[in-house]
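Here the structure comes first, spelled out in C-alpha cells, and everything after it is commentary.
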Amino acid sequence: MPRESGEKVVATNRKARHDYLIEDTFEAGMVLSGTEVKSLRAGRASLVDGYAFIESGEAWLDAVHIPEYTGGSWTNHPPRRKRKLLLHKQEIIKISHKTKEGGYTLIPLKIYFKDGRAKVEIAVAKGKKEYDKRQALRERQDKRESDRAISARRNLGD
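In terms of full-length UniProt numbering, the numbers along the sequence shown are unbroken and rise by one, the last being 158.
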C-alpha cells in the first residue's frame, strides 16, 4: 500500500503545447536514483529542453534537469542525464512507428507522483509552424474578447 495517494504534479512543460501539436500521450514510469526522487519530492525539476527517444527497443528521457539534492553528499546524481522510461512493449512499438513517420517527436509534458511513484507524461507531437502559433494566439484572444463582451452585456442587462 503506497503511503501517498492521488497525483502531485512536480513540473509541467507549458511551452510544449504552444510549440507542438500534440497527437497522442503516454504515461511512463522513470528509473531514478534516490537523490533524484528526493529532489523531485522537493518540487524541483525543469522540462524546458527535455525530449525522449526510442533506442534499441527502450525508451529514454534526456536533457530533463533535476537539480542535485541539497542534503545529498557524494551520492548525488548528475542533473542532466539519460533516464530510462518504463513503458509496455506495445507502447514502445507504437511510439517508434509514429516517430519514424517523419515530422514527429517525443516530448515530456509533465512529471508527477501518482500513488507515490514518479511518472512522466510524454507526447507524440508535431512541431507547429510560426503562422500556426500566431493563429492559435489570435483565436485565444478573440475568444477572450467575445467572452468579455458577453459578460459585459449580461451585467448591463441586470
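For glycine and all other residues, C-beta sits at the position ideal for the given N, C-alpha and C.
Cross-strand partners of residue i (DSSP beta bridge)
i	result
HIS65	SER46, ARG80
GLU58	GLU55
Cβ-based burial, residue i [other Cβ within 10 Å; buried from 16]
i	result
HIS88	exposed
VAL9	exposed
Where residue i sits in the DSSP three-state scheme
i	result
GLY34	helix
LYS114	strand
ASN155	helix
GLU121	strand
LYS128	coil
THR75	coil
GLU4	coil
Beta-carbon contacts of residue i that lie in its chain and below 8 Å, excluding the five residues immediately before and after
i	result
ASP19	GLY127, LYS128, LYS133
Whole-angstrom distance between residue j and residue i, CA atom to CA atom
i	j	result
THR35	TYR69	6 Å
ALA42	ALA118	13 Å
LEU40	ILE22	25 Å
SER151	LYS143	12 Å
GLU4	LYS100	38 Å
PRO67	ARG80	8 Å
Chain-order list of residues whose beta-carbon lies under 7 Å from that of residue i (same chain, five-residue window excluded)
i	result
TYR51	ASP62, ALA63, THR105, LEU106, ILE107
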